[in-house]
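Here the structure comes first, spelled out in structure tokens, and everything after it is commentary.
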DNA sequence: TATTAATATATCTAACTGATATATAGAAGC
DNA sequence: GCTTCTATATATCAGTTAGATATATTAATA
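Protein chains in written order, with this note's numbering: chain D, 1 to 214; chain H, 1001 to 1214.
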């Protein structure tokens, strides 16, 4: 009954930017979208076949010097119109699966030290993530200030070096969307770290009772 | 190769609290875990059959007055030990699927007004959620202050009315875990709302150029 | 008396994840 | 010159999950 096909629409959205191979698409998603979305190979290639079958994209072979041949997919007008239609539609509620919280919840009848251990693992995970995100954030911020392309995005963004009024705006817009979606990730990680602090201090408050509650 | 079975472990975790029917489990997850976890009927009942087959839980029929008969599942020692083993293991990275962010990212080469519209939808969704969460938060906070059971949890928590030292602690602990996991949700919703403000102000800054950047 | 809501269990298709298989090309190490 | 490692590139499968829907029964409402 064609219930979702989010993978299809995600691919169409990326192809609406520029033609890409399956591998390109996977890398694009990993670098640009991993803070809030993911797609697996298991979905990607069947979806590409489906898109071609349904006339939403076309496939052609390309052999660039020194590389092995690859399939380049290009969006069709039909594909573009389906992408636009989806964009305009309602937005589905986001879904999360947070195993740390699940364990914390389910472990609550066991020892407090078990609960604390779970939160500490969670906090450590999020701290490493935070360090990574802040590094990227700095790079983007500098790039936006100096109108320069960070190397990591060199393969993803078509950067106009001749800064006409129009090109400069396009450059800025592309950087901006990477920056803003990363900021979304940063704010979430910080929320999680704040929660860990809050939870740890409450749990400590519970084990050492009669303390004045923070 | 039995790669995951998170549904199985979630069910075992809940059964480690008390025996329940499939329907009870579903409701428990919806009320208590929905901020960070979900399970569907499609997994739940086959999983319950699997648990019984593998000797991790037992099933018995119960007919309470005026209600239709139901199957009550009880965890076995084997089930409990598998649950404990999983709790002690490493915690998987959390996964998110945020369609709002996906659309925002993919729409970035279209008009700014399209992007703004997507963020506004997202913000409105999160605002309603925020209102709901704050209501619950207030209820829990009051419950914790007055050592009282909020009605919504009456079916989920076994509340000891005779407040021996030990029972009072159990009461508090159970409230605390509901409160803290809700707080996790609240902090996340607030992070999303903060992001919407940040994103909207940056997008407005871009469309009305020459403004002094905030 | 009819309809709706809540309780309770079950099933199916479509979608998705993660692991793994396969192959080519360039780089690194020895 | 040979092996090994990494990056590029595509593909597939088994296990897992989501979401819709079917089906009864009892209680509440109109």
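In this text, a Cβ means the ideal position worked out from N, Cα and C, and glycines have one as well.
Every value quoted in this text rests on a predicted model; they were computed, and no experiment measured them.
Residue interval of the beta strand (DSSP E) (run including residue 1061 of chain H)
Counting along the chain, the beta strand (DSSP E) containing residue 1061 of chain H begins and ends at 1057–1062.
So which residues of chain D does residue 1028 of chain H contact, with C-beta pairs closer than 8 Å?
Listed along chain D, no residue sits closer than 8 Å to residue 1028 of chain H by beta-carbon distance, the nearest being about 10 Å off.
Please confirm if the segment 124–144 of chain D is in contact with the segment 165–183 of chain D, defined as three or more CB-CB distances below 8 Å between the two stretches.
Two segments are said to touch when three or more pairs of C-beta atoms, one from each, lie closer than 8 Å; by this definition the segment 124–144 of chain D touches the segment 165–183 of chain D.
Residue 73 of chain D vs residue 48 of chain D beta-carbon contact at 8 Å:
Yes; because the gap between Cβ atoms is below 8 Å, this pair is in contact.
Start and end of the alpha helix (DSSP H) containing residue 25 of chain D?
Element bounds for residue 25 of chain D: 22–28.
Hey, out of D:62, D:11 and D:125, whose CA is closest to residue 98 of chain D's CA?
The alpha carbon of residue 98 of chain D has as its nearest neighbour, out of D:62, D:11 and D:125, the alpha carbon of D:125.
Just checking my contact of residue 1196 of chain H with residue 1122 of chain H at CB under 8 Å: how many whole Å lie between their CB atoms?
Indeed, because the Cβ distance is near 6 Å, the residues count as touching under 8 Å.
Measuring straight from C-alpha to C-alpha, what distance separates residue 1017 of chain H and residue 1174 of chain H?
Looking at the two C-alpha atoms, the distance is approximately 11 Å.
Less than 8 Å separating the beta-carbons of residue 23 of chain D and residue 14 of chain D?
Contact: no.
Chain D residues whose Cβ lies nearer than 9 Å to that of residue 1010 of chain H
102 and 106, listed in chain order.
Look at the Cβ atom of residue 1087 of chain H, then the Cβ atom of residue 109 of chain D, and state whether they are nearer than 8 Å.
No, Cβ-Cβ distance for residue 1087 of chain H and residue 109 of chain D is not below 8 Å.
Does the distance from the CB of residue 159 of chain D to the CB of residue 146 of chain D come in under 8 Å?
Not a contact, by the Cβ cut-off of 8 Å.
Can you tell me the Cβ-Cβ gap for residue 989 of chain H and residue 1107 of chain H, rounded? I've got them flagged as a contact below 8 Å.
No information on residue 989 of chain H is available, as it lies outside the stretch 1001 to 1214 that chain H covers here.
Between residue 8 of chain D and residue 44 of chain D, is the Cβ-Cβ spacing less than 8 Å?
No. Outside cutoff.
Within the 8 Å Cβ cut-off, does residue 1082 of chain H reach chain D?
No - not a single Cβ of chain D is within 8 Å of the one on residue 1082 of chain H.
Those runs of the alpha helix (DSSP H) which lie wholly inside the segment 137–203 of chain D and span at least 4 residues
With a minimum length of 4 residues, no continuous alpha helix (DSSP H) run stays inside the segment 137–203 of chain D.
Would residue 1036 of chain H count as contacting chain D if we go by Cβ distances under 8 Å?
At least one beta carbon of chain D lies nearer than 8 Å to the beta carbon of residue 1036 of chain H.
Per DSSP, the bridge partner or partners of residue 1075 of chain H:
DSSP lists H:1057 as partners of residue 1075 of chain H.
Per-residue burial, residue 56 of chain D [other beta carbons within 10 Å of its own, 16 or more giving buried]:
It counts as buried.
For residue 61 of chain D, I'd like the list of residues in its chain whose CB is within less than 8 Å of its CB, leaving aside the five on either flank, ordered along the chain.
Sequence-distant partners of residue 61 of chain D (beyond 5 residues in either direction) whose C-beta falls short of 8 Å from its own C-beta, in its chain, are 69, 70, 71 and 72.
Comparing C-alpha positions only, which one of H:1189, H:1105, H:1083 and H:1111 sits nearest to residue 1004 of chain H?
Closest in alpha carbon position to residue 1004 of chain H, among H:1189, H:1105, H:1083 and H:1111, is H:1083.
Mind checking residue 1248 of chain H: buried by the 16 CB within 10 Å criterion, or exposed?
Residue 1248 of chain H lies beyond the range of chain H shown here (1001 to 1214); nothing can be said about it.
Since residue 97 of chain D is in the beta strand (DSSP E), which residue starts that stretch and which ends it?
From DSSP, the beta strand (DSSP E) with residue 97 of chain D extends over 95–97.
Could you confirm whether any beta carbon from chain H is found closer than 8 Å to the beta carbon of residue 13 of chain D?
Yes, its Cβ sits closer than 8 Å to a Cβ of chain H.
Check whether residue 94 of chain D and residue 189 of chain D have beta carbons under 8 Å apart
Cβ atoms of residue 94 of chain D and residue 189 of chain D: not closer than 8 Å.
Could you check what DSSP says for residue 1212 of chain H in three-state terms: helix, strand or coil?
With a pLDDT of only 45 at residue 1212 of chain H, under the threshold of 50, the placement of this residue in the model should not be trusted, and no figure is reported.
Can you list the residues of chain H that residue 109 of chain D reaches, using a CB-CB cut of under 9 Å?
The answer, in chain order, is 1016, 1017, 1170, 1173, 1174 and 1177.
At a Cβ threshold of 8 Å, is residue 1032 of chain H touching chain D?
At least one C-beta of chain D is nearer than 8 Å to the C-beta of residue 1032 of chain H.
Quick one: is residue 1142 of chain H buried, meaning 16 or more other Cβ sit within 10 Å of its Cβ, or exposed?
Around the beta-carbon of residue 1142 of chain H, fewer than 16 other beta-carbon atoms lie within 10 Å, marking it exposed.
Chain D contact for residue 1159 of chain H (CB, 8 Å cutoff)
No, residue 1159 of chain H lies away from the interface with chain D (no Cβ there is under 8 Å from its Cβ).
Give me, in chain order, the residues of the same chain whose beta-carbon lies closer than 7 Å to that of residue 1157 of chain H; leave out the 5 immediate sequence neighbours on both sides.
Once the five neighbours on either side are set aside, the close Cβ partners of residue 1157 of chain H are 1149 and 1174.
Given that residue 1098 of chain H touches chain D, what residues does it touch there, using C-beta distances under 7 Å?
Neighbourhood of residue 1098 of chain H in chain D, by CB distance below 7 Å: 36, 37 and 94, in chain order.
Quick one: which residues of the segment 1121–1141 of chain H get their C-beta closer than 9 Å to a C-beta of chain D? List them in chain order.
Residues 1121, 1122, 1125 and 1129.
Start-to-end residues for the alpha helix (DSSP H) that takes in residue 1008 of chain H:
Counted as a single uninterrupted DSSP element, the alpha helix (DSSP H) harbouring residue 1008 of chain H occupies residues 1006–1015.
May I ask you to report which of helix, strand or coil DSSP gives residue 1069 of chain H?
Reduced to three states, the DSSP call for residue 1069 of chain H is coil.
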